[in-house]
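**Q** All residue numbers for the sequence shown refer to this note's numbering, where the first residue is 43 and numbers rise by one.
Could you have a look at this structure, given as structure tokens, before my questions?
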Amino acid sequence: MADILLSPAQTDLREKLKSIMRQIKAETTPKEIEKLKASFKTLLDQADPVVIAMAEQDLAQEGMSMNEFLAVCDIHLELFREKIQNPDLKVPEDHPIARFQEDHRVILSWMDKLRETIKEIANYDNWNEVESHLAKVKFLLEKLMEAENHNVRQESALFPALEQKGIEKPPAIMWQEHTEMRQDKKALLLLFEKAKEMDFTLWVNQMYTLSMRLYEKFLLHTQKEQNILYKVALEVLSQQDWLNVKEATEEVGFFALSEEKK
Ligand SMILES: [Fe+2]
């Protein structure tokens with residue numbers, strides 16, 4: 043992963059995260075691990091996904107074994123999932139928000155499958171045995187690219203409606219995050235293309251770190267949309283506004299939620 047310029051506070055967090063992850067790796071008693079988890083959680087709350095991913099990448103490069111690395115990532119994800127709470131907003135089935143929420147659920151499941159598949163690949167040690175896993179990774183990455191349609195639908199239908207009501211900042215932030223996540227997906231695709239040319243373990247490490255980062259970013263993003271953006275939209279947009287939003291989303295069209303090949 044290319045190094046990004048971090049602020050002194052972020053660099054400090056990166057080092058602290060590394061130190062706690064090294065301790066978790068070295069510890070064997072469940073009681074001690076529970077204690078370390080509490081400190082890990084505090085640090086995770088302060089750091090953004092990029093800093094966490096960089097710290098994990100550092101450890102992988104330091105020579106932490108694949109299994110140790112995955113075990114630390116599992117704890118990270120377990121703590122992170124506990125934190126995330128998406129409200130189930132009550133809207134009729136044919137409401138644009140209902141489809142956005144359904145999109146989120148499906149995209150998250152694909153991201154989770156991607157992470158799991160890369161984790162399965164880590165059980166092997168050479169390219170010859172993972173052909174079917176690679177095909178699955180490719181399929182999931184393609185699905186995630188198709189799901190960009192979810193973002194385009196929001197950017198061209200929901201965001202302008204909010205801007206018209208003077209709500210500009212939240213859509214702008216969401217748009218920025220869409221752009222970042224698209225770049226992450228492209229980075230994953232580029233790395234995927236390098237399979238078989240790269241060192242097996244290094245490739246798995248980098249794929250795993252990138253897919254974790256994307257998954258975590260998207261979890262946070264859905265949380266913001268469902269807790270802030272959609273709630274605000276439901277308050278400020280009139281019934282007529284929603285009809286217009288619905289029409290605009292239909293013009294953009296919808297990505298297929300099923301996993302069947304086209
Ligand atoms: Fe979004």
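Built from N, CA and C at the ideal position, the CB exists for glycine as well.
Please read these numbers as outputs of a predicted model, since none were measured by experiment.
Measuring alpha carbon to alpha carbon, tell me which residue in Lys60, His220, Glu188, Lys155 is nearest Phe201.
**A** Here the question's residue 201 lines up with position 159 in the sequence shown. When only C-alpha atoms are compared, the closest one is His220.
**Q** For ligand 1, I want to know if Met216 counts as a neighbour, meaning its beta carbon is within less than 6 angstroms of at least one of the ligand's heavy atoms.
**A** If you number the sequence shown from 1, residue 216 lands on position 174. Flag set: Cβ of Met216 near ligand 1.
**Q** Ordered along the chain, which non-local residues of its own chain (more than five positions away) have a Cβ less than 7 angstroms from that of Leu78?
**A** Along the sequence shown, one-based indexing puts residue 78 at 36. So the list reads Ile62, Gln65, Ile66, Glu69, once near-sequence residues are dropped.
**Q** For ligand 1, any of its heavy atoms closer than 6 angstroms to the Cβ of Glu267?
**A** Counted from its first residue, the sequence shown places residue 267 at position 225. Yes, since a heavy atom of ligand 1 falls inside the 6 angstroms radius drawn around the Cβ of Glu267.
**Q** Nearest CA to the CA of Leu162: which residue from Ala177, Asn269, Ile139?
**A** In the sequence shown, counting from the first residue as 1, residue 162 sits at position 120. The sequence given here has Glu at residue 162, not Leu. When each option's Cα is compared against that of Glu162, the closest is Ala177.
**Q** Just to check my reading of the structure: Pro129 and Val287 have Cβ atoms closer than 8 angstroms, yes? What is that Cβ distance to the nearest angstrom?
**A** Reading the sequence shown from its first residue, position 87 is the one you call residue 129. Reading the sequence shown from its first residue, position 245 is the one you call residue 287. Wrong, their Cβ atoms sit about 20 angstroms apart, outside the cutoff.
**Q** Short of 6 angstroms in beta carbon distance, which residues of its chain neighbour Leu59, apart from the five on each side in sequence? Order them along the chain.
**A** Locating residue 59 in the sequence shown gives position 17, where the first residue counts as 1. Taken in chain order, the residues that qualify are Leu85, Ala97.
**Q** What is the rounded straight-line gap between the Cα of Glu173 and the Cα of Val179?
**A** Along the sequence shown, read from residue 1 onward, the residue named residue 173 stands at position 131. Along the sequence shown, read from residue 1 onward, the residue named residue 179 stands at position 137. The straight-line gap from Cα to Cα measures roughly 10 angstroms.
**Q** Please report how far the alpha carbon of Pro50 lies from the alpha carbon of Gln99, in whole angstroms.
**A** For the purposes of this step, residue 50 is taken as the residue at position 8 of the sequence shown. For the purposes of this step, residue 99 is taken as the residue at position 57 of the sequence shown. Answer to the nearest angstrom: the Cα atoms are 19 angstroms apart.
**Q** Report buried or exposed for Lys259, applying the criterion of at least 16 other Cβ atoms within 10 angstroms of its Cβ.
**A** Against the sequence shown, residue 259 aligns to sequence position 217. With 16 or more other Cβ atoms within 10 Å, it is buried.
**Q** Inspect the beta-carbon positions of Leu299 and Val148 and report whether they are closer than 7 angstroms.
**A** By one-based count along the sequence shown, residue 299 stands at place 257. By one-based count along the sequence shown, residue 148 stands at place 106. In contact: Leu299 and Val148 (Cβ atoms closer than 7 angstroms).
**Q** Can you name, in chain order, every residue of its own chain whose Cβ lies under 8 angstroms from the Cβ of Thr159, other than the five neighbours on each side?
**A** Reading the sequence shown from its first residue, position 117 is the one you call residue 159. Once the five neighbours on either side are set aside, the close Cβ partners of Thr159 are His175, Lys178, Val179, Leu182.
**Q** Quick check on this structure: which residue in Ile75, Ser253, Phe296 has the alpha carbon closest to the alpha carbon of Leu121?
**A** As a position in the sequence shown, residue 121 is number 79, starting the count at 1. Leu121 has its Cα closest to that of Ile75, out of Ile75, Ser253, Phe296.
**Q** Mind reading off the beta-carbon distance from Ala203 to Leu276? Whole number of angstroms is fine, and I expect it under 8 angstroms.
**A** If you number the sequence shown from 1, residue 203 lands on position 161. If you number the sequence shown from 1, residue 276 lands on position 234. Contact doesn't hold; Cβ gap of about 12 angstroms is too wide.
**Q** Going along the chain, which residues of its own chain have a beta-carbon closer than 7 angstroms to the beta-carbon of Gln88, five neighbours each way excluded?
**A** Start at 1 with the first residue of the sequence shown, and residue 88 comes out as number 46. Closer than 7 angstroms at the Cβ level, and outside the excluded window around Gln88, lie Leu55.
**Q** In whole angstroms, give me the CA-to-CA distance for Tyr250 and Arg141.
**A** As a position in the sequence shown, residue 250 is number 208, starting the count at 1. As a position in the sequence shown, residue 141 is number 99, starting the count at 1. Distance between the alpha carbons of Tyr250 and Arg141 is about 29 angstroms.
**Q** For Pro213, count the other beta carbons within 10 Å of its own beta carbon; 16 or more makes it buried, fewer makes it exposed. Which is it?
**A** Along the sequence shown, one-based indexing puts residue 213 at 171. It is buried - the Cβ of Pro213 has at least 16 other Cβ atoms within 10 Å.
**Q** Measure the CB-CB distance between Ala102 and Asn247 and report whether it falls below 7 angstroms.
**A** One-based indexing of the sequence shown puts residue 102 at position 60. One-based indexing of the sequence shown puts residue 247 at position 205. Yes; because the gap between Cβ atoms is below 7 angstroms, this pair is in contact.
**Q** Taking the alpha-carbon positions, what's the Glu301 to Gln281 distance?
**A** For the purposes of this step, residue 301 is taken as the residue at position 259 of the sequence shown. For the purposes of this step, residue 281 is taken as the residue at position 239 of the sequence shown. Straight-line Cα distance between these residues: approximately 33 angstroms.
**Q** Which one of Met254, Ile209, Ala290 has the shortest CA to CA distance from Asp154?
**A** Looking up residue 154 in the sequence shown gives position 112. Cα-wise, what sits closest to Asp154 is Met254.
**Q** Which residues in the same chain as Lys83 place their Cβ atom closer than 6 angstroms to its Cβ, once the five residues preceding and following it in sequence are excluded?
**A** As a working note, residue 83 is residue 41 in the sequence shown. The answer, listed in chain order, is Leu121.
**Q** Please report the straight-line C-alpha distance between Asn191 and Gly295, rounded to a whole angstrom.
**A** On the sequence shown, position 149 is the one that residue 191 refers to. On the sequence shown, position 253 is the one that residue 295 refers to. Looking at the two C-alpha atoms, the distance is approximately 8 angstroms.
**Q** To which residues of the same chain is Ala290 closer than 7 angstroms at the C-beta, ignoring the five residues directly before and after it?
**A** Translated into positions along the sequence shown, residue 290 becomes position 248. Closer than 7 angstroms at Cβ, skipping near neighbours: Ser198, Ala199.
**Q** Taking C-alpha atoms, which residue in Trp245, Lys73, Gln143, Glu110 lies nearest to Gln268?
**A** As a first step, residue 268 must be located in the sequence shown, where it is residue number 226. The shortest Cα separation from Gln268 among Trp245, Lys73, Gln143, Glu110 belongs to Gln143.
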